[in-house]
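Under our numbering, read the sequence shown as residues 137 to 274, first letter to last. C-beta atoms are modelled at their ideal positions from N, C-alpha and C, and glycine is treated no differently. Just so you know, these numbers come straight off a predicted model, no measurement behind them. Here is the structure we will look at.
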Amino acid sequence: MWTSSVILLWQPTSLRETLVMSPYSAHKHEHEVNTERFESETRGINHVERGWPKDVNPQEMEQTIRFRKKVEKDDNYFNTIMQLGSNMEHSIKQNNAIDIYQEYFEGEEEVVEESKPSTFSSASLTSINLSFNSVTVT
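This is the structure:
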């Protein structure tokens, strides 16, 4: 297991918020999460042929049945199905362990503090030719 730190910072959503923002007014949250390593790989499939080999016509039932029987006789098939089944069972048990209807913060009410932004903001911007420009936003 490894620990990853996720830091979420408040991002301004408008020019007004950008102009009135100071380093002390940003809302910061930090969370640590323990996660299991997940190995994945990318595979492609040609959906025109619906994933069947080129010599199998998916429209003909006899060819598909013959191909399925041939694959199911392979020794690797059973091991693969058992491995996929155990991975699926592990994920299902994790999902079932979470009570999505549980009240985690009973009795606590969310306190929302609203601060009204000022109606007048001023910023000084410098252009490429280094001349002083004043911008007023209301």
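DSSP three-state assignment for residue i, whether helix, strand or coil
i	result
Val-207	helix
Glu-168	strand
Phe-241	coil
Glu-225	helix
Gln-199	helix
Glu-153	Confidence in Glu-153 is poor, its pLDDT being 49 and thus under 50, which makes the residue's placement unreliable; the coordinate value appears in the next sentence. Three-state result, Glu-153: helix.
Asn-232	helix
Phe-214	helix
Spatially closest choice to residue i from the options, by CA coordinates
i	options	result
Pro-189	Glu-225, Glu-172, Val-207 and Tyr-213	Val-207
Phe-174	Glu-246, Ile-201, His-226 and Ile-236	His-226
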